[in-house]
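What follows is a short report on a single structure.
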Amino acid sequence: MNFSVIKALLKKDFSLFLQNRFYMLMTIVGLVFYIIIFFIMPNKVDEQLKAGIYAPVMPPAFSILVADPASSLTSYASLEEAKAAVENGDSQVAIVLPADIMQTWASGGKPEVEIYYASSAPIELRDAVISLVKELSYIQTGQSLTFDTNEQVMGQDMLGEQIPMRNRMVPLLAIFILMMEILSLASLIAEENEQGTARALLVTPMTVPELFAAKGIIGVGMALGQVVLFMLLVGGFNSQPLITLGVLLLGSLMVTGLGFLLASLTKSLMSVTAWGMLLFIILAIPGMGIMFPGLISNWAKVIPSYYLTDTVNRVVNYGADLSVVGGNLLILVGFTAVIVTAGIVVLRRRYQ
Amino acid sequence: MSQISISVEKLSYWYGDLKAVNQISFEVAQGEILGFLGPNGAGKTTTQKMLTGQLRPKDGRATLLGFDVAKDTEEIHRRIGICFEQTNLYEQMTALENLQLFADLFGVNNFNGYALLKRVGLAGREKDKVAGYSKGMKQRLMVARSLVNTPSILFMDEPTSGLDPVSSESIRDIILEERKRGATIFLTTHDMWEADKLCDRVAFINEGSIAALDAPVNLKQQYGKRSLIAKVKSANGQLENREIALDTGKTAEEVSKLLSSERVLTLHSEEATLEDIFIKITGRRLTE
Chain A
0 MNFSVIKALL KKDFSLFLQN RFYMLMTIVG LVFYIIIFFI MPNKVDEQLK AGIYAPVMPP
60 AFSILVADPA SSLTSYASLE EAKAAVENGD SQVAIVLPAD IMQTWASGGK PEVEIYYASS
120 APIELRDAVI SLVKELSYIQ TGQSLTFDTN EQVMGQDMLG EQIPMRNRMV PLLAIFILMM
180 EILSLASLIA EENEQGTARA LLVTPMTVPE LFAAKGIIGV GMALGQVVLF MLLVGGFNSQ
240 PLITLGVLLL GSLMVTGLGF LLASLTKSLM SVTAWGMLLF IILAIPGMGI MFPGLISNWA
300 KVIPSYYLTD TVNRVVNYGA DLSVVGGNLL ILVGFTAVIV TAGIVVLRRR YQ
Chain B
0 MSQISISVEK LSYWYGDLKA VNQISFEVAQ GEILGFLGPN GAGKTTTQKM LTGQLRPKDG
60 RATLLGFDVA KDTEEIHRRI GICFEQTNLY EQMTALENLQ LFADLFGVNN FNGYALLKRV
120 GLAGREKDKV AGYSKGMKQR LMVARSLVNT PSILFMDEPT SGLDPVSSES IRDIILEERK
180 RGATIFLTTH DMWEADKLCD RVAFINEGSI AALDAPVNLK QQYGKRSLIA KVKSANGQLE
240 NREIALDTGK TAEEVSKLLS SERVLTLHSE EATLEDIFIK ITGRRLTE
């Protein structure tokens, strides 16, 4: 490796990046935009109880509460409607009373009450809801402990792990910033192929590994620089800074590999943009899952960015240590190694 | 022949079933300008790509300055300069930055970009972005870039294609200066007049094979028609051409007879052009 050659290539790439008005603008505007989004998002958890109830036969004690305009207990017409309200976020909890509740109480039995929680519902809600049902049942029957419960969480169970929306957005915004660099790097390479300048470089003493080293440094450097700046501004290094830095470095390497792959599979700047947007959407899915728990299920684990966003989320928002995110990091290292290797091999074939 | 710069032995390349270059062999001496002529698709670019290490030959062997093109590409790249047919400059960078980048890649110490740009007629525009250059200026910058490492062998692919006469002439002057310096020049061109004027030898390549390789003057002698053409005004006032063959032994007598018997308006020798010879040898036009 000739470092003066790498230095010359880096100088050239950095200069081209700075002179590419579109990507320069996108980078600055994107970074500012993400920071603004973070700060305008609520920094508090909404603790107001929004509950719903579905009862084919509504016991009188429950009817009184539902009818009370001061209560936030909404009555739903069907079980499906009640569950949908929880999934949509209209209610944080849905209480479902069995059709034979009055008969069961009359015969001295314990009816089974189903309770559906939103995955984002606070842990305190569980006790509150049980107390509410217990109180209403007592009013109705004059006895305590007159029911059994069957509780279910809709979507990913995050009961008791509520964090403000802005913090939930951090992994998504971080992956957005990293993904912008896929487009920037792929465009930089595609532009060189399209304009034939890569051909001119390849007939100098510069070797292909030196070319990859320079592209890799510029890709990782630009991605890591921006995401670190963002994390510093939003307090993303407040817990486990080394693990956070490590995972962001892996993310930067991964997007560099994806940039190589994208550049090698596309022939023009237009196709880089088109395929890049598709990639952008796919890679953003795990981040969406953190924003909106329950939106996605286990299939998202096949997306490499899942391990990046999930690790950032656990470390930044919950202070997870290596014992928690170690597995994630190993998988992320594996994905990154495969993507970077594939990117280099495919792009190298194109150059040769 | 002096020291050999380029040696090619039965070099071949094919794309699937299509033989782009078929067992061509030739040598180019140091300080020689070899014109490589042929229509589109004849195999010129594939040959140049193999010689410059951009394509690995499928068969045969070629050496540049003793280095094998298939194995010693890095050594070869240090010693050659390439002026591509298509402009491939960093348009958002200045002329000086373009040259400095390549000087850095070649490891040229104390590189003087200003002097090189002055030499190609771009003095005063050194710090302008290339995007604002005319086609002729870009082509001159391409030539300058190919000279950054003071190459021993210079590959020039259609260096004057589409340029105005002044730009073309300045590039031809640079080619001749480079030969004077001792550089070997491999010139690919469609322009027969240019090849005739610049090249010590020309190779006609057709359908992947070399159809003829010799000095232009020899090719003209071998394939051309040597004659004098006189334009005369006949008795009835009509303009007519009279042809007198050269090298017949009776030339002087026939010229004298013509001058005394007819009103001669112009008299000039007629030689076959390289284009004529190319058609004669290959049955194809260069511009096909």
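Sequences listed follow chains A and B, in order. The first sequence stops at residue 351 when you use numbering that gives the first Met the number 0, and every number in between is there. The second sequence stops at residue 287 when you use numbering that gives the first Met the number 0, and every number in between is there. Ideal Cβ positions, reconstructed from N, Cα and C, are used throughout, including at glycine. Fair warning: this is a prediction, and the values are worked out from it, not measured in the lab.
Annotation: Val271/A has no Cβ neighbours in chain B at a cutoff of 9 Å; minimum Cβ distance is about 17 Å. Just measuring C-alpha positions, the residue of Ile217/A, Ala212/A, Thr206/A, Leu307/A sitting nearest Gly245/A is Leu307/A. Close to chain B, meaning a Cβ-Cβ distance shorter than 9 Å, is no residue of the region 219–252 of chain A at all.
In the displayed model, Ser268/B falls within a strand according to three-state DSSP. For Gln53/B, the closest Cβ of chain A is nearer than 8 Å. Going by DSSP, Trp104/A is part of the alpha helix (DSSP H) stretching over 100–105.
Rounded to the nearest whole angstrom, the C-alpha separation of Leu261/A and Pro215/B is 50 Å.
The three-state secondary structure of Met155/B, taken from DSSP, is strand.
Per the C-alpha coordinates, the member of Val207/A, Leu24/A, Tyr22/A positioned closest to Ile5/A is Val207/A. Ile39/A counts as exposed, since fewer than 16 other C-beta atoms from the protein chains shown sit within 10 angstroms of its C-beta. In the DSSP assignment, Asn240/B is bridged to Lys230/B.
In summary, no residue of the region 11–22 of chain B has a CB separated from any CB of chain A by less than 8 Å.
Taking every protein chain shown into account, the CB of Met0/A has fewer than 16 other CB atoms within 10 angstroms, so this residue is exposed. Residue pairing by DSSP places Asn205/B opposite Ser208/B in a beta bridge. Taking C-beta separations shorter than 7 Å and ignoring five residues to either side along the sequence, the partners of Glu74/B in its chain run Phe66, following chain order. Distance from Gly40/B to Thr72/B at the Cβ level is roughly 25 Å; contact not present, criterion being Cβ atoms closer than 8 Å. Interface criterion met: the Cβ of Phe105/B is under 8 Å from a Cβ in chain A. For Asp58/B, the enclosing beta strand (DSSP E) starts and ends at 58–63. Counting only Cβ-Cβ distances below 8 Å, Phe83/B has contacts in chain A at Gly195, Arg198, Ala199, in chain order. About 21 Å separates the Cβ atoms of Tyr115/A and Gln139/A, ruling out a contact at the 8 Å cut-off. Taking 7 Å as the Cβ-Cβ cut-off, the region 0–14 of chain A approaches chain B at Ser3, Val4, Ala7, Lys11, Ser14, given in chain order. Residues of the region 87–100 of chain B with a C-beta atom less than 8 Å from some C-beta of chain A are Asn87, Leu88, Tyr89, Glu90, Gln91, Met92, Glu96, Leu100, listed in chain order.
At a cut-off of 8 Å, the C-beta of Arg77/B has a neighbouring C-beta in chain A.
For Ser145/B, there is no enclosing beta strand (DSSP E); the residue is part of the alpha helix (DSSP H) that begins and ends at 134–145. For the C-beta of Glu73/B, the chain A residues within less than 7 Å are, from N- to C-terminus, Pro204, Thr206.
Non-local beta-carbon contacts of Val132/A in its own chain, meaning distances under 8 Å to residues more than five positions away in sequence, involve Ile94, Val112, Ile114, Phe146, Thr148 in chain order. With respect to the C-alpha of Phe259/A, the residue from Leu177/A, Val344/A, Gly29/A having the closest C-alpha is Val344/A.
In this structure Trp192/B is exposed. Its beta-carbon is surrounded by fewer than 16 other beta-carbon atoms within 10 angstroms. Distances from the CA of Tyr132/B to each of Tyr89/B, Val231/B, Gly248/B were compared; the closest alpha carbon is that of Tyr89/B. Counting every other CB atom within 10 Å of its CB across the protein chains shown gives Phe32/A a total below 16, marking it as exposed. For Gln18/A, the neighbours in chain B by C-beta distance under 8 Å run, in chain order, Gln91, Met92. Here Pro164/B is exposed: its Cβ has fewer than 16 other Cβ atoms, across all protein chains shown, within 10 Å. The C-alpha of Ala19/B lies about 11 Å from the C-alpha of Met49/B. For the set Glu180/A, Leu9/A, Arg348/A, the Cα lying nearest the Cα of Leu30/A is the one of Glu180/A. Sequence-distant Cβ neighbours of Leu201/A in its own chain, meaning closer than 7 Å and more than five residues away, are Tyr350.
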